[in-house]
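Trainee: Numbering (full-length UniProt numbering), first residue to last: 1 to 286. Just so it is clear, CB atoms sit at the ideal spot from N, CA and C, and this is done for glycine as well. All of these numbers come straight from a predicted model, not from anything done at the bench. Structure in structure tokens, see below.
What follows is the structure in structure tokens.
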């Protein structure tokens, strides 16, 4: 049973505001989306060394009816010039430039507000997609009438051919299950806004994607998993240990401040999250 905190924190208010916004848009949605267009949302920040490869993986998709909304969060390394040049060569690429650094959640929300497609997907500027990703996932959604889907994905360091492990996913997951096992990779998600409604991400510096999926699953019964790996998540060898501790802290904050779980239930789902995270890391591909 989920219980709310009696003292609401600033982050809790931010999350509550976004959840209310999501429910309102779902009930009173008036925007007309382009029927088969997939709007891909990509935040960038100092991504000049990896950005072109990431965008190329979108351009190589078998399904070509997409738009790419790239929101740059005040990069200082040449990312913005790369974006301008790419946009000149491909009109489907729509760059937006922030005037101050606001974080990836704010950048994704900017992209969502400008998106024209019925379907939305997410890809960070250092990650990659399999060429069949959009085509297979869209067919999966249309065949079954699903509104919220995700896929398995590979984890790599330098080259996507050198895969460290593969994150396997369940065929479906609900709110309670996602609390215990934050298995949904943002780079794999596709959402049908005509079924789910419009939505925004809470303005957190980390875990805003998982908080968003939890928010949606309070309204939808399930998110549905496509078990074929269709994306590639890049990790840095030097940042693995620091990221693990950072994610532990951010997950705990999300349970307490955003989801409003009491300390007993938060401790329970947090322990489940840790066990599942350890299990995922041990499932190396042979």
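Provide the residue(s) that pair with residue 191 in DSSP beta bridges, ordered along the chain.
Mentor: Residue numbering aside, residue 191 sits at position 191 when the chain shown is read from its first letter. In the DSSP output, where bridge partners are listed per residue, residue 191 has 120, 148.
Trainee: Do the CB positions of residue 190 and residue 149 come within less than 8 Å of each other?
Mentor: Along the chain shown, one-based indexing puts residue 190 at 190. Along the chain shown, one-based indexing puts residue 149 at 149. Cβ atoms of residue 190 and residue 149: closer than 8 Å.
Trainee: Going by Cα to Cα distance, which pick from 234, 192, 222 is closest to residue 115?
Mentor: Translated into the one-based positions of the chain shown, residue 115 becomes position 115. Answer by Cα proximity: 192.
Trainee: Quick one: what's residue 72 bridged to in DSSP?
Mentor: Taking the chain shown and counting its residues from 1, the one referred to as residue 72 is at position 72. Looking at the DSSP assignment, residue 72 forms a beta bridge with 44, 97.
Trainee: Return the CA-CA distance between residue 263 and residue 256, expressed in angstroms with no decimal places.
Mentor: Working through the chain shown from its first residue, we reach residue 263 at position 263. Working through the chain shown from its first residue, we reach residue 256 at position 256. In a straight line, the C-alpha of residue 263 is about 7 Å away from that of residue 256.
Trainee: Measure the alpha-carbon distance for residue 36 versus residue 141 and round it to whole angstroms.
Mentor: Counting from 1 along the chain shown, the entry for residue 36 is found at position 36. Counting from 1 along the chain shown, the entry for residue 141 is found at position 141. Straight-line Cα distance between these residues: approximately 12 Å.
Trainee: Under three-state DSSP, which class holds residue 20?
Mentor: Taking the chain shown and counting its residues from 1, one reaches residue 20 at position 20. Here the model assigns residue 20 a pLDDT of 40, short of 50, so the residue's position is not dependable, and the following value carries that caveat. Looking at residue 20 - three-state DSSP - the assignment turns out to be helix.
Trainee: What's the gap between the Cα of residue 96 and the Cα of residue 207?
Mentor: In the chain shown, the residue the question calls residue 96 occupies position 96. In the chain shown, the residue the question calls residue 207 occupies position 207. Cα-Cα distance, rounded: 23 Å.
Trainee: In this structure, how does DSSP classify residue 218 when only helix, strand and coil are distinguished?
Mentor: Reading the chain shown from its first residue, position 218 is the one you call residue 218. Reduced to three states, the DSSP call for residue 218 is coil.
Trainee: Just the Cα atoms here: how many angstroms apart are residue 130 and residue 61?
Mentor: Within the chain shown, residue 130 is the residue found at index 130, counting from 1. Within the chain shown, residue 61 is the residue found at index 61, counting from 1. Approximately 8 Å, taken between the alpha carbons.
Trainee: Under the three-state reduction of DSSP, which class applies to residue 80: helix, strand or coil?
Mentor: As a first step, residue 80 is located in the chain shown; it is residue number 80 there, counting from the start. Here residue 80 sits in helix by DSSP.
Trainee: Taking Cβ to Cβ, would you say residue 167 is nearer than 8 Å to residue 153?
Mentor: Looking up residue 167 in the chain shown gives position 167. Looking up residue 153 in the chain shown gives position 153. Yes, the Cβ-Cβ distance between residue 167 and residue 153 is below 8 Å.
Trainee: Along the alpha helix (DSSP H) that carries residue 180, what are the first and last residues, could you check?
Mentor: Residue 180 sits at position 180 when you count from the first residue of the chain shown. Looking at the DSSP string, the run of the alpha helix (DSSP H) that includes residue 180 is 175–180.
Trainee: Where do the ends of the beta strand (DSSP E) carrying residue 164 lie?
Mentor: For the purposes of this step, residue 164 is identified with residue 164 of the chain shown, where counting begins at 1. Run containing residue 164: 163–167, per the beta strand (DSSP E) assignment.
Trainee: Could you tell me the boundaries of the alpha helix (DSSP H) in which residue 108 lies?
Mentor: Position 108 of the chain shown holds residue 108. Here the alpha helix (DSSP H) through residue 108 covers 104–114.
Trainee: With a threshold of 8 Å on Cβ separation, who are the neighbours of residue 162 within its own chain once the five nearest residues in sequence on each side are excluded?
Mentor: Mapped onto the chain shown, residue 162 falls at position 162. Closer than 8 Å at the Cβ level, and outside the excluded window around residue 162, lie 156.
Trainee: What residue range is occupied by the uninterrupted alpha helix (DSSP H) comprising residue 204?
Mentor: Residue numbering aside, residue 204 sits at position 204 when the chain shown is read from its first letter. Per DSSP, residue 204 belongs to no alpha helix (DSSP H) and is neither H nor E.
Trainee: Closest to residue 104 by CA distance: which of 133, 31, 47 is it?
Mentor: As a first step, residue 104 must be located in the chain shown, where it is residue number 104. Checked all of 133, 31, 47; the closest Cα to residue 104 is 47.
Trainee: Between 196, 233, 171, which lies nearest to residue 185 when the distance is taken from Cα to Cα?
Mentor: Within the chain shown, residue 185 is the residue found at index 185, counting from 1. The option with the nearest alpha carbon to residue 185 is 233.
Trainee: Which residues bound the alpha helix (DSSP H) around residue 52?
Mentor: Position 52 of the chain shown, counted from the first residue, corresponds to residue 52. 51–59 is the extent of the alpha helix (DSSP H) around residue 52.
Trainee: Excluding the 5 residues preceding and the 5 following residue 107 in the sequence, name in chain order all residues of the same chain whose CB lies nearer than 6 Å to its CB.
Mentor: The residue you call residue 107 lines up with position 107 of the chain shown. For residue 107, where only same-chain residues beyond five positions count, the Cβ hits under 6 Å are 43, 71, 73.
Trainee: Going by the DSSP bridge assignment, what does residue 34 pair with across the sheet?
Mentor: By one-based count along the chain shown, residue 34 stands at place 34. BP columns for residue 34 point to 117.
Trainee: When the Cα of residue 173 is compared with those of 252, 211, 198, 221, which residue comes out closest?
Mentor: Residue numbering aside, residue 173 sits at position 173 when the chain shown is read from its first letter. The shortest C-alpha separation from residue 173 is found at 221.
Trainee: Residue 63 by DSSP, collapsed to three states: which one?
Mentor: As a working mapping, residue 63 is identified with position 63 in the chain shown. Here residue 63 sits in coil by DSSP.
Trainee: What does the Cβ neighbour count give for residue 66, buried or exposed, with the cut at 16 atoms within 10 Å?
Mentor: Here residue 66 refers to the residue found at position 66 when the chain shown is read from its first residue. Flag for residue 66 reads buried.
Trainee: Please classify residue 101 as buried or exposed, where buried requires at least 16 other C-beta atoms within 10 Å of its C-beta.
Mentor: Within the chain shown, numbered from 1, the residue matching residue 101 stands at position 101. Residue 101 comes out exposed.
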